[in-house]
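Counting the sequence shown from 1 gives a position; the numbering used here is that position plus 180.
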Amino acid sequence: MSSEELILQVCNPRDPEGPVQAWVAVRIEAKDDEIDIHCTFQHCLIFDQYGSADVTYGADRTNRGLRLAGKCDTGFFEIPDEFQSLRIGCWIMSRIIDWAFQWPDTDVVPIWLGPANAEGVNRERRYRFWTACGYRFEAENIVHGYSLPCQVRDMTAPMKWQENITVMTTDAFQSHFNRRKRELAVLSQQHDWLKRHPVLYGLGRSLFTFCCPPGEADIPPEPAIRDSAPKDVFKGIQEVECDIHWHQRKLSRIEAAPFGHLLETHKEFMDIARLMGLFCLIAGVFFGLLMLAGT
Numbered sequence: 181m182s183s184e185e186l187i188l189q190v191c192n193p194r195d196p197e198g199p200v201q202a203w204v205a206v207r208i209e210a211k212d213d214e215i216d217i218h219c220t221f222q223h224c225l226i227f228d229q230y231g232s233a234d235v236t237y238g239a240d241r242t243n244r245g246l247r248l249a250g251k252c253d254t255g256f257f258e259i260p261d262e263f264q265s266l267r268i269g270c271w272i273m274s275r276i277i278d279w280a281f282q283w284p285d286t287d288v289v290p291i292w293l294g295p296a297n298a299e300g301v302n303r304e305r306r307y308r309f310w311t312a313c314g315y316r317f318e319a320e321n322i323v324h325g326y327s328l329p330c331q332v333r334d335m336t337a338p339m340k341w342q343e344n345i346t347v348m349t350t351d352a353f354q355s356h357f358n359r360r361k362r363e364l365a366v367l368s369q370q371h372d373w374l375k376r377h378p379v380l381y382g383l384g385r386s387l388f389t390f391c392c393p394p395g396e397a398d399i400p401p402e403p404a405i406r407d408s409a410p411k412d413v414f415k416g417i418q419e420v421e422c423d424i425h426w427h428q429r430k431l432s433r434i435e436a437a438p439f440g441h442l443l444e445t446h447k448e449f450m451d452i453a454r455l456m457g458l459f460c461l462i463a464g465v466f467f468g469l470l471m472l473a474g475t
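In structure tokens:
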């Protein structure tokens, strides 16, 4: 039996360069005639979603052929509701199909699509998902029915997941975690510097395109990921990602309007400006009256 542990970093398919939306800890156990993929799902706190789930997916070789859509004959691929439409299922099926390619001439057990999962947009999404894996049906977007007979060589491993999912080993994730902690420390130092030197930054940014010091960070590494439970690991990376997102938003607002930030964070400057304006108005009226009296 072979075993593999991976971490999936999942972004929104509509914004693959944006912030991380979910994490998935994966443990793959492959035997001679079966494969199990254990997944622990966790949402990123940036989106104020706290969903988590543990689900096991699998495939096996029986005397009827290969069952690739789980160790059953139904085409119900259970991705928790809050983690759907992120292409996680595409990644899981790509691993299962890659495993199955060692028996290219073996029959694939047909799957049954039932009417219970054919409501609304789920009907089209279900059909699109299974046809992307190589299954074929008598009609498009069928409500219920079996897939047509096929062999493993007819299957295709979905690849759309590559656009928004990054697959990391536990060691690579460890390095990523430590790197993000250093980035957070640098952002925090920059933010603190801006709060301590608002006038210098406001003038320097406006007149000389001055930027705050880059900052330095010497952060102790996290304990080994493999020694921690997935949910504990995800809690740590979530807090780091959430804090990075917060500091980035604050810094971008300051850089976009340095004097606006100066007046917003130091209300006394606004009060002084109002007093000076009032003083100038009174002085103008006073001198105007003097000039009128002199004439």
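C-beta: ideal position from N, C-alpha, C; glycine also. Source: prediction; values computed, not measured.
Per the DSSP calculation, S327 is bridged to which residue(s)? Counted from its first residue, the sequence shown places residue 327 at position 147. In DSSP, S327 forms no bridge with anything.
Alpha carbon to alpha carbon, what distance is there between I268 and D287? The sequence position of residue 287 within the sequence shown is 107, counting from 1. The sequence position of residue 268 within the sequence shown is 88, counting from 1. The straight-line gap from Cα to Cα measures roughly 26 Å.
Thinking just about the alpha-carbon of each residue, which of D372, A210 and L374 is nearest to the one in D278? Within the sequence shown, residue 278 is the residue found at index 98, counting from 1. The candidate whose alpha carbon is nearest that of D278 is A210.
Nearest-angstrom Cα distance between D351 and W292? The residue labelled residue 351 in the question sits at position 171 within the sequence shown. The residue labelled residue 292 in the question sits at position 112 within the sequence shown. If I take the Cα positions, the gap works out to 40 Å.
Assign A210 to one of three DSSP states: helix, strand, or coil. Stepping through the sequence shown from its first residue, residue 210 is reached at position 30. Looking at A210 - three-state DSSP - the assignment turns out to be strand.
Looking only at its own chain, which residues have a Cβ that is under 6 Å from the Cβ of C270, when we skip the five neighbours before and after it? For the purposes of this step, residue 270 is identified with residue 90 of the sequence shown, where counting begins at 1. Here the set comprises P338, K340 and W341.
In the DSSP output, what is Q222 paired with across the bridge? Start at 1 with the first residue of the sequence shown, and residue 222 comes out as number 42. Q222 pairs with W203 and S232.
Please classify T349: does DSSP put it in a helix, a strand, or coil? As a working note, residue 349 is residue 169 in the sequence shown. Strand, per DSSP.
If we count Cβ pairs, one from each stretch, closer than 8 Å, do we get three or more for the stretch 325-333 versus the stretch 291-306? Verdict: yes, contact present.
Host alpha helix (DSSP H) of S274 (start-end): In the sequence shown, the residue the question calls residue 274 occupies position 94. Counting along the chain, the alpha helix (DSSP H) containing S274 begins and ends at I268 to A280.
Is DSSP giving R241 helix, strand or coil here? Residue mapping note: residue 241 aligns to position 61 of the sequence shown, counting from 1. Strand at R241.
Assuming contact is defined by CB atoms lying nearer than 8 Å, are A280 and V332 in contact in what I supplied? Here residue 280 corresponds to residue number 100 of the sequence shown, with the count starting at 1. Here residue 332 corresponds to residue number 152 of the sequence shown, with the count starting at 1. Yes, these two residues count as a Cβ contact at 8 Å.
Let me know the secondary structure DSSP gives R194 once reduced to three states. What you label residue 194 is simply residue 14 of the sequence shown in a count that begins at 1. The three-state reading of DSSP puts R194 in coil, since its state is none of H, G, I, E or B.
Less than 8 Å between the C-beta atoms of I217 and W203, yes or no? Working through the sequence shown from its first residue, we reach residue 217 at position 37. Working through the sequence shown from its first residue, we reach residue 203 at position 23. No, they are not a contact pair.
Give me, in chain order, the residues of the same chain whose beta-carbon lies closer than 7 Å to that of R244; leave out the 5 immediate sequence neighbours on both sides. Mapped onto the sequence shown, residue 244 falls at position 64. Taking C-beta separations shorter than 7 Å and ignoring five residues to either side along the sequence, the partners of R244 in its chain run V289, following chain order.
Note down the Cα distance separating A365 from E320, rounded to an integer number of angstroms. Taking the first residue of the sequence shown as position 1, residue 365 is located at position 185. Taking the first residue of the sequence shown as position 1, residue 320 is located at position 140. Cα to Cα, the separation comes out at about 53 Å.
Could you check whether M348 and G314 sit closer than 8 Å to each other, using their CB atoms as the reference points? In the sequence shown, the residue the question calls residue 314 occupies position 134. In the sequence shown, the residue the question calls residue 348 occupies position 168. Not closer than 8 Å, so no.
Measure the Cβ-Cβ separation of A233 and P260 and say whether it is below 8 Å. Numbered from its first residue, the sequence shown carries residue 233 at position 53. Numbered from its first residue, the sequence shown carries residue 260 at position 80. Their beta carbons are under 8 Å apart, which means A233 touches P260 by this criterion.
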